[in-house]
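Taking UniProt numbering, the leading residue of the sequence shown gets 1, the next gets one more, and so forth.
Don't be surprised by glycine CBs; every beta carbon is placed ideally from N, CA and C.
For reference, the structure discussed in these notes is given below.
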Amino acid sequence: MADPQTESPQYAGRDREDREVSYRTLTYEVTGRVARITFDRPERGNAITADTPIELADAVERADLDPRVHVILVAGRGKGFCGGYDLSIFAENGEHPEERAAVTGSVLDPVVQARNHDPSGTWDPMIDYQMMSRFNRGFASLLHANK
C-alpha cells in the first residue's frame with residue numbers, strides 16, 4: 001500500500017512532520033513530546049478568520065502524524081486565548097483586501113450567506129448545517145486527534 005505522505009508533491013519526499021509550513025493565523029512548534037499550536041493574532045485578540053479552521057486542521061493533523069508528539073497543546077499569544085470570530089473585516093469595508101479575499105466563498109462571505117438564506121424562500125436547516133460544518137471541521141479535528 002502506498003504511503004500518502006510521500007505521494008503528494010507538497011511533501012517533496014520529506015516526512016510530513018518535518019516539512020516547513022507557514023501559517024497566517026497560528027504558529028506550530030514541537031518541543032520534546034509536545035506540539036504547541038498557538039493562535040497568533042494578538043493585535044486582534046487571536047480572533048478567528050476564514051483561514052484559521054483550515055490551518056488548525058492542518059496543524060493538528062501534522063502533530064497527530066508525528067510519532068515524536070504525544071501531546072497537542074493549543075494556546076493563544078498575548079493576553080487572551082481567542083476572541084471569537086473577527087468581524088472587523090466587514091466593519092473596515094475592504095481596508096485589508098487580503099483578508100477580504102480569504103472570506104470570499106466561505107461561510108463568512110455575505111454573498112454566500114444571502115444565497116443560502118433567501119428571505120423569500122423556504123428555510124432549509126440542512127444548508128445551515130452544511131455551512132456550519134465546513135467552518136467547524138478545523139476545530140473538530142482536535143476531538144479526533146489520537147493525542
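Query                                                                                                                    : Result
L26 (DSSP reduced to helix, strand or coil)                                                                              : strand
Close Cβ partners of Y23 (< 6 Å) along its chain, the five nearest in sequence each way excluded                         : E55
Beta-carbon contacts of D3 that lie in its chain and below 6 Å, excluding the five residues immediately before and after : Caution applies to D3, whose pLDDT of 46 falls short of 50 and renders its modelled position unreliable; the value that the coordinates give is listed next. No residues qualify anywhere along the chain.
Three-way DSSP call (helix, strand, coil) for R137 in this model                                                         : helix
Cut-off 7 Å between Cβ atoms - residues of its own chain near E29, not counting five sequence neighbours on either side  : R36
For I72, the nearest candidate out of V34, V111 and L87 (CA to CA)                                                       : V34
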